[in-house]
Every structure is written in structure tokens, then in C-alpha cells.
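Numbering (the numbering used here), first residue to last: 1 to 512.
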């Protein structure tokens, strides 16, 4: 949907822009051709495979056409699933038998199921399939979108960080959690310190905390109003994981919500709805073993394998996190996910093993009940740190090399080096953790580091910066990774909202 048409169908309210509610359930198909106003996405790339996603406005059959050229000569057309009410008219298709290491062009159409002659306009996208040889590989990452009350202000350019990431022409984009803020309603106007006004686009679903399935879905629909996000989605595959704000702040299984804004008090019920909306709105490939599973690994040619963790679904309660022995509350990944990542790391043939952790390793992330992440304060490995110690020890004992950790969550960018020579727990090899974000949210930090695993700050962006400033002030950051096809060397860089590099580090692979 172009900007003129979008604004012409909007309602102006209280200086902001109020969009009408678009419920997933429709009594009758809307008039005219099917629409795909939220654009297209690709994601979860694998050898010979790519997931394709889109959404329409009525019951309709998804069709995907793909080719190796923009003219779509010799194109292949594949029938996809029906987009129906139970998925909020979203649909995704796993394209298979794709050529490796090639630029592919695709377009999606929807066929009205009440009139098969009625087709939507095609919506186009492109992607690069995983390489089969040692070519350069690049990707970008970050987290935290539309948080702390900062939504889409068209007069200020929208979510510009997404356009800066797109301009780097990466192979894919890794969203490291907090893809939405389901617990952060938006106000139409926010007065800024300089006297100007931030004017949010506002929808009914973003005007209260999300409790119903449609409200959670509406948070994802809201982000897709941004032209920069839609354009990045059409040009760069999405690899996503979740954290807490896809449901609510600092939630854990079994939590009883103590917040007057919520009528639904069960975090498990909220999480079930939040998970369904998350799975509906992203091109995740369902696991045959568990269609609700979010953790997964994605081999991307001989140089890279990506390991996507889920540090939300299986954790115990947030506590002081100082237990000397494992118990129900020290669980963070859980036994099944721990066994999975050990086996996948051990089996990986790729030079670099990048672990996407939605929560940082050594930064203290506090909670009213104690701590929210792994870290719990200086000292030996205790509480949830026992799981992390187990994984780091396994990596050392099995001589798994070239492991790098990427994360987000804390709303500033940083580079941390971990070394047993500085640590209280020493059974691990030195490694790097890089933090990026926020992509479009309030800024915070710097956080306090826990000395258990010997972290050292080599760089951070949160220097004497007042917290929760609007994105227009520029305290928004993303990370970029480039692996050289010839040498296998990895460059990790951090960039501001405009795309300017503010830090980089070159890493040489071991054992190559």
C-alpha cells in the first residue's frame, strides 16, 4: 500500500493518526481484488529451501512464483496454503529444490476463494540462497522494535534503522527478540524536551496492552505499517527469535500477572496467544517434532551456522538466582534445548558457529523478583549460570572452535570479551559477545557486568546518554557481520541509525 493511499484511509485523532480496527474475522470478503498490504517476507533459509510469507485480507489461496532473473523467464509457480481466519489470513510456503548460492526473485499472489478468477496484484521479493562454496557471507542483527512508546512517526521518516540495514545488502537479517512490545501501548502524541511533538501512528490494538489473540497479531500488523520494514522484508530474508515483549515484560511460565492493566492474569495464556501471533507473522519453518518450537539451527554454507536459542519458553521463575545446585528455578534453556544445542554444535561443519541469544550473558538484567537473565552478580557460577557454565565447558572439552555470541535486549550496543584468566568460573575458552539495538525503541544503559565468566567491555555506546530518548535523537544501533570467503575471517561491526560504523573488530578463525 503506497503512502498516499495509506494516509487517505486513515483517521486523524488527537494529532496522531488513528487507523481503524482490522479484525481477523470477516463476515464477507471485502469488495475488489485481494490485498497484500503487509508485503512479503522470506526467511529460515536452508540448503535448497526458503520460507515465503505474506498476508491478505480475505480467504484466499497463496501462489508463489520464483525465478533466477527479474524477468521471470522460465519461472516456476507453486501453490501454497489457503490463508484463512485461523491464521489471521497469513500464509507461508516452504519453497524447495532451490539452486544454491543464487539470487532468486519471487512474487506472491492471492486467489480469492469465493471467486477463483479474482487475483491480487503480485507482490515481489528477492533473496539469496545459502552458498555451496566459500563466498562472502554477510548479515545484520539487532532487537527491540516499537518499545517504550516510540511508534511510527511518518513526519520523522518512520523506522529509519531498517532502511540503513537494507542498504548494506546483507544475506539476511537476524531479529534477536522483542520484535514487538505487546505490553507497551502507544499514545498519539509524545511531547519532547525541545517542545516538538512525536506523533505516533496509532491503531486500536496498539492502544492497550495485548491480551486477545487479535491484539497480539495487531502488534505485528502495526510494525508492518512502516515502509522501511516492508522494503527490508522484501529484499532481505528474516531470521527471528523471541524474548519477553512478544508477550509482556519479564514473563516466565507459571507467572501470575500483577498489573492492573491486564484482565488476563495468566502469563501462560498470554504466552500461548503471543506465540501463535509470532508464528503467524514470521516465516519460521515449523519443526516436525513440535510446531510451536522456536529454537533451531540454520546452516548457511561452509562458513556459517546460526543457532537460534529460546530463553523464554522453558525457564524457571525469576528469583535472586543464587542457587548452588540446579533446581526448577535455575532452568533457562531446559534439558531438551541444552541437549539439542550441544549435539548441533558438535555436528556443525561450518567454520563459524554464531549463537543468537536473546538475552546477554554477563550483563545484570534486574527484575523485581531478582534477575531476568543469566547473570546474578559477582562470584562463582550460581543459579541460571550453572547452565551457561555447562554449555561453555562442553564447548571447551569438545574443542568446538570459532563460537561467537550475538544478543540484544539491553537497548545499547557493546562488545564484550570473556576470558577465564579474569573469571571466577574458568572451565571455558575465551570468546566474544556482541550486543546490538535498539532498532526502534527507547535507549538505556550501560549495564553492570557480572565477573563470573570474566567479561571485559571493549566498546559500548551508552556514554552519558539520558535514557529513553526518541529514535530521532539517534541512539539506535544495529550490528553487522561479514565473513570473507577466501580467508574465513569475520568482521563484526556496530552501526548507528544512519548506518555509520561506530566500531568494528576483525576475528581470525582458529584451526583453519
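Virtual Cβ for every residue (Gly too), placed ideally from N, Cα, C.
These numbers were taken from a predicted model, which means no experiment stands behind them.
Query, Result
"According to DSSP, is residue 342 part of a helix, a strand, or is it coil?", "helix"
"So the alpha helix (DSSP H) residue 234 belongs to, where does it begin and stop?", "227-235"
"Under the three-state reduction of DSSP, which class applies to residue 267: helix, strand or coil?", "helix"
"On the premise that residue 421 lies in contact with residue 460, defined as a C-beta separation below 8 Å, what is that separation, rounded to the nearest angstrom?", "Rounded, the Cβ-Cβ distance is 21 Å, inconsistent with contact."
"Is residue 459 close to the ligand SAH? I mean its beta-carbon at under 6 Å from any heavy atom of the ligand.", "This structure lacks the ligand SAH, and indeed carries no ligand of any kind."
"What three-state label does DSSP hand residue 434 in the structure shown?", "strand"
"List, from N- to C-terminal side, the alpha helix (DSSP H) runs of 4 residues or more that fit wholly inside the stretch 111-186.", "160-167"
"Which of the three DSSP states is assigned to residue 553 in this structure?", "Look at the range of the chain in this structure, 1 to 512, and you will see that residue 553 is not part of it."
"Compute the beta-carbon to beta-carbon distance between residue 513 and residue 318, rounded to the nearest angstrom, for a pair I have assumed lies under 8 Å.", "The requested residue 513 is not part of the displayed model; the chain covers only 1 to 512."
"Quick check on the burial criterion: 16 or more other C-beta atoms within 10 angstroms. Buried or exposed for residue 99?", "exposed"
"Thinking C-alpha only, which one of 63, 262, 375 is nearest residue 518?", "Limits of the chain in this structure are 1 at one end and 512 at the other, which puts residue 518 out of reach."
"Please go through the same chain and pick out, in chain order, the residues whose beta-carbon is closer than 7 Å to the beta-carbon of residue 180, but skip the five residues on each side of it.", "145, 146, 219, 220, 223, 245, 246"
"Select from 177, 297, 234 the residue whose C-alpha is nearest the C-alpha of residue 243.", "177"
"Which residues in the same chain as residue 138 place their Cβ atom closer than 6 Å to its Cβ, once the five residues preceding and following it in sequence are excluded?", "170, 171, 482"
"Compute the distance between the beta-carbons of residue 239 and residue 43, then report whether it is under 7 Å.", "yes"
"By alpha-carbon positions, which one of 34, 61, 105, 120 ends up nearest to residue 68?", "105"
"Tell me whether the stretch 156-168 and the stretch 387-394 touch, counting them as touching only if at least three CB pairs, one residue from each stretch, are closer than 8 Å.", "no"
"Which one of 274, 141, 108 has the shortest CA to CA distance from residue 182?", "274"
"In this structure, how does DSSP classify residue 241 when only helix, strand and coil are distinguished?", "strand"
"Any contact between the stretch 422-439 and the stretch 101-118? By contact I mean 3 or more CB pairs, one from each, below 8 Å.", "no"
"May I ask you to report which of helix, strand or coil DSSP gives residue 315?", "coil"
"Where residue 277 and residue 41 are concerned, what is the direct C-alpha to C-alpha distance, given to the nearest angstrom?", "16 Å"
"Should residue 510 go down as buried or exposed, given a rule of 16 or more other Cβ atoms within 10 Å for buried?", "exposed"
"To the nearest angstrom, how far is it from the Cα of residue 303 to the Cα of residue 425?", "30 Å"
"Mapping DSSP to helix, strand and coil, what is residue 49?", "strand"
"Since I believe residue 141 is in contact with residue 462 (beta carbons under 8 Å), could you give me their beta-carbon distance rounded to a whole number of angstroms?", "In fact, because the Cβ distance is near 18 Å, the residues do not count as touching under 8 Å."
"For residue 312, count neighbouring Cβ atoms within 10 angstroms of its own Cβ and tell me buried if that reaches 16, exposed if not.", "buried"
"Rounded to whole angstroms, what's the CA-CA distance from residue 37 to residue 281? Just pull it up for me.", "13 Å"
"For residue 439, does the three-state DSSP call read helix, strand or coil?", "coil"
"Return the first residue and the last residue of the beta strand (DSSP E) that residue 459 is part of.", "455-460"
"For a test of the three-state rule: what should DSSP assign to residue 385, helix, strand or coil?", "helix"
"Tell me which same chain residues have a C-beta within less than 6 Å of the C-beta of residue 326, skipping the five on either side of it?", "386"
"On the DSSP bridge list, what partners appear for residue 504?", "493"
"Using the beta-carbon count (16 or more within 10 Å), is residue 256 buried or exposed?", "exposed"
"Can you tell me whether residue 512 is buried or exposed, with buried defined as 16 or more other CB within 10 angstroms of its CB?", "exposed"
"With a 10 Å radius around its C-beta and 16 neighbouring C-beta atoms as the bar for buried, classify residue 64 as buried or exposed.", "buried"
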